[in-house]
Amino acid sequence: MSKLGLVCLCLVVLGLGAEFYIAAKLGMRRGEVAEELRKVMDDSEKAIVALEKAQTEAKEARQTLALTKLG
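Mapping of the sequence shown onto our numbering: residues -9 to 61, in sequence order.
Quick look at the structure:
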């Protein structure tokens, strides 16, 4: 092979190595983001349930207060 061919071959091999490295890091990050998203969605669902419960309790407390004021 000519010197130009060897230089091109080295550049291709280096490019492939860099591509594999970047793809591996991207795959790891994608897994981390998916796991974090699942956790946040679970926390959000729990917060929605807690909010509904708190709203119900507040409504009952207002009714009790109104009944107490009326005597």
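Backbone N, C-alpha and C fix where the C-beta goes; we use that ideal spot for every residue, glycine too.
M31 and V39 have their C-alpha atoms roughly 13 Å apart. Linking G7 to D33 through their CA atoms gives a straight-line distance of about 40 Å. Here DSSP, grouped into helix, strand and coil, assigns S(-8) to coil.
A straight-line Cα-Cα distance of about 48 Å links I12 and Q45. In the three-state reduction of the DSSP assignment, G61 falls in the coil class, being assigned neither a helical nor a strand state.
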